[in-house]
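All remarks here apply to the structure that follows.
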Amino acid sequence: MDEPVVRYELQPVQFRDNVQDQGDDDQTTALRGFSLPPVDKGKDAWLCLVGACLLEMTVWGFPFSFGVFQDYYTTTEPFAQYASRVSLVGSCSMGILYLASPFSLFILQRWPGLCRISSVAGLVIAVVGILSSAFATTVWQLLATQGIIYPIGACTLYYPVLIYIDEWFVRRKGLAYGICWAGSGLAGIIFPFIVSAALSRYSYRTTVCAWAVIMVLLVCPFLPFVKPRTPVSAAQVPRPQIISFQFMWSRPFLIFQLGSIVQSLGYFAPTLYLPTYSRLVVGESGFGITAPLTLMNAGTTIGFILMGFLVDRWHVANVIFLATVFTVLAVFAIWGMSVSLSPLLLFAIVYGIFAGSASATWPGIVQAVKETEQNAPTGIILGLLTAGRGVGSIACGPISELLINAEWPFIAKPGSLGYGTNFGSLIVFTGVTAVFGALGFVSRRLGVLH
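Residue numbers for the sequence shown follow my numbering, beginning at 175 and rising by one.
Here it is as structure tokens:
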């Protein structure tokens with residue numbers, strides 16, 4: 175007697191490469207075999223965002239505190255003999271952090287399975303760079319450790335975060351990036367005071383080693399939560415993902431990138447010269463010198479969250495136009511008129527909110543680019559926007575120095591408005607470059623952008 179034959183039909187399991195739930199917030203994207211956590215909500219999304227904010231604060235805290243280190247290096251042996259070259263360390267560190275972003279994000283976007291490895295390896299490299307600088311005795315050793323090794327590690331540690339946030343947040347993407355980037359504003363408020371106090375109380379070597387320990391203690395507990403929404407097993411593909419760069423020639427990208435680069439040429443001038451302006455023009459000392467910069471960083475922290483919130487609701491061109499109007503008014507109507515501390519502090523906080531938070535509009539720029547180039551990779555767009563801002567950060571220093579040292583035809587007697595000082599040309603340059611931030615808004619009004 176023949177036994178019955180039982181037949182089983184095997185169904186292949188389907189995986190998707192870059193899974194992003196564009197549907198309702200209350201629905202969870204389902205894959206065969208497991209379900210993905212929801213976007214825009216849930217403990218996994220918010221833990222990832224908290225960890226991302228801490229990474230932002232830690233990575234950018236060191237270069238944002240370099241002014242304190244630079245003051246120490248130029249006045250303390252064995253570095254004081256190299257005082258004229260110390261600024262190279264800070265410039266190199268900031269330049270690598272900005273300009274390496276498109277290369278880092280290209281690699282991570284093309285090989286997404288490297289993201290988790292990248293974060294761990296980056297933390298190790300960054301900590302090695304900081305610890306090595308504790309034993310430096312020449313400016314070239316500082317350049318190698320703090321100026322090159324540290325930012326390479328910091329890039330490797332930090333840039334996977336930008337890809338993760340894009341996966342975890344859809345409708346609140348702008349707010350999420352804004353909260354993440356607010357960490358750099360917090361770093362600018364907190365870390366310079368900590369470093370200054372530590373250097374005055376302890377030795378340089380102790381301070382730098384303590385910084386490395388703090389970095390490990392801040393990052394390690396949250397690093398497991400800073401992860402992709404799509405598990406690695408589902409995200410991996412048998413061959414590298416194909417990356418299209420066609421978006422670079424699209425109108426939205428070219429117009430917004432041009433406006434961002436020109437605006438950044440002048441943006442960094444107040445961050446470089448407000449303490450000097452407060453001392454020479456306003457006549458302040460002590461707290462009055464550091465207060466404007468502290469308030470500017472506080473304003474930047476607020477601005478990141480505010481601009482991120484708005485860019486989720488308005489067209490990005492309108493958000494940038496709003497920020498541009500307040501930035502230009504702050505420069506021309508407040509900074510240019512400031513001869514006492516109160517208006518200078520008002521300028522610092524308004525400028526921080528509306529100019530310092532420019533990068534919070536980038537998720538909106540990404541969305542505008544993807545309306546014409548649907549396959550444009552988010553990470554690489556953000557990387558190129560970051561690099562464009564880096565061009566401004568590097569060029570702003572030499573340009574500002576030339577403007578201040580050049581002969582300004584409107585120099586007036588002491589006690590005159592800011593326009594009548596050596597800073598007059600710098601104030602005008604900052605305001606004029608800020609106007610270019612509205613390039614996207616004007617282009618949209620003229621029908622060049624939709």
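Just so it is clear, CB atoms sit at the ideal spot from N, CA and C, and this is done for glycine as well.
For residue i, the nearest candidate out of the options (CA to CA)
{"i": "Phe-427", "options": "Glu-547, Pro-405, Leu-349", "result": "Glu-547"}
{"i": "Val-430", "options": "Leu-613, Val-602, Phe-280", "result": "In the sequence as displayed, the identity of residue 430 is Phe instead of Val. Closest option to Phe-430, Cα to Cα, is Leu-613."}
{"i": "Val-524", "options": "Val-540, Val-502, Met-511, Trp-582", "result": "Val-502"}
{"i": "Lys-215", "options": "Leu-432, Ile-339, Phe-506, Leu-305", "result": "Ile-339"}
{"i": "Phe-483", "options": "Ser-258, Ala-219, Pro-572, Phe-343", "result": "Phe-343"}
{"i": "Glu-575", "options": "Trp-385, Leu-559, Phe-597, Pro-517", "result": "Phe-597"}
{"i": "Ser-261", "options": "Tyr-247, Ala-443, Pro-252, Gly-477", "result": "Tyr-247"}
{"i": "Tyr-153", "options": "Ser-307, Tyr-333, Val-335", "result": "One cannot answer for residue 153 here, as it falls past the ends of the chain, which runs 175 to 624."}
{"i": "Gly-557", "options": "Leu-515, Pro-334, Gly-526, Trp-423", "result": "Pro-334"}
{"i": "Phe-500", "options": "Ala-522, Gly-571, Ile-479", "result": "Ala-522"}
{"i": "Ala-371", "options": "Phe-280, Ser-239, Ile-281, Cys-227", "result": "Ser-239"}
{"i": "Leu-288", "options": "Arg-487, Phe-478, Pro-405", "result": "Pro-405"}
{"i": "Gly-357", "options": "Gly-473, Leu-559, Ala-219", "result": "Gly-473"}
{"i": "Val-505", "options": "Tyr-441, Gly-264, Asp-245, Arg-563", "result": "Tyr-441"}
{"i": "Thr-445", "options": "Leu-519, Gly-460, Ala-384", "result": "Leu-519"}
{"i": "Gly-571", "options": "Tyr-447, Ser-516, Trp-488", "result": "Tyr-447"}
CB-CB length for residue i against residue j, believed under 8 Å
{"i": "Thr-498", "j": "Leu-360", "result": "Incorrect: roughly 25 Å between the Cβ atoms, too far for contact."}
{"i": "Ala-534", "j": "Gly-235", "result": "19 Å between Cβ atoms; not a contact."}
{"i": "Gly-124", "j": "Ile-494", "result": "Nothing about residue 124 can be read from this structure; the chain reaches only from 175 to 624."}
{"i": "Thr-232", "j": "Val-393", "result": "6 Å"}
{"i": "Leu-273", "j": "Gly-296", "result": "Not really, about 16 Å apart at Cβ, beyond 8 Å."}
{"i": "Met-481", "j": "Ser-531", "result": "4 Å"}
Alpha carbon of residue i to alpha carbon of residue j, nearest angstrom
{"i": "Gly-621", "j": "Leu-439", "result": "27 Å"}
{"i": "Arg-379", "j": "Val-543", "result": "47 Å"}
{"i": "Tyr-351", "j": "Pro-537", "result": "7 Å"}
{"i": "Arg-619", "j": "Phe-396", "result": "44 Å"}
{"i": "Leu-229", "j": "Pro-402", "result": "15 Å"}
{"i": "Ile-174", "j": "Asn-471", "result": "Nothing can be reported for residue 174: it is not among the residues displayed for the chain, which extend from 175 to 624."}
{"i": "Ser-434", "j": "Gly-241", "result": "25 Å"}
{"i": "Gly-605", "j": "Cys-266", "result": "27 Å"}
{"i": "Ser-617", "j": "Leu-623", "result": "6 Å"}
{"i": "Ile-573", "j": "Gly-566", "result": "10 Å"}
{"i": "Ile-326", "j": "Arg-425", "result": "32 Å"}
{"i": "Pro-551", "j": "Ile-539", "result": "12 Å"}
{"i": "Trp-509", "j": "Asn-549", "result": "43 Å"}
{"i": "Ile-555", "j": "Val-294", "result": "24 Å"}
{"i": "Ala-443", "j": "Ala-569", "result": "10 Å"}
{"i": "Leu-391", "j": "Leu-210", "result": "30 Å"}
{"i": "Leu-221", "j": "Pro-286", "result": "20 Å"}
{"i": "Leu-600", "j": "Leu-577", "result": "6 Å"}
{"i": "Val-302", "j": "Pro-398", "result": "21 Å"}
{"i": "Met-634", "j": "Phe-309", "result": "Outside the displayed span of the chain (175 to 624) sits residue 634, for which this structure offers no information."}
{"i": "Ser-275", "j": "Thr-560", "result": "7 Å"}
{"i": "Gln-201", "j": "Phe-615", "result": "Here the model assigns Gln-201 a pLDDT of 42, short of 50, so the residue's position is not dependable and the matter cannot be decided."}
{"i": "Ala-580", "j": "Met-511", "result": "21 Å"}
{"i": "Leu-282", "j": "Val-400", "result": "15 Å"}
{"i": "Arg-284", "j": "Leu-454", "result": "51 Å"}
### Task
Entirely within the region 428 to 467 and at least 3 residues each: give me those beta strand (DSSP E) ranges in chain order.
none
### Message
Going residue by residue through the region 461 to 509, where are the continuous alpha helix (DSSP H) segments of at least 4 residues, counting only ones entirely within it?
### Response
461 to 485, 490 to 503
### Message
Which complete alpha helix (DSSP H) runs does the region 258 to 320 hold, if anything under 4 residues is left out?
### Response
261 to 273, 275 to 284, 289 to 307, 313 to 318
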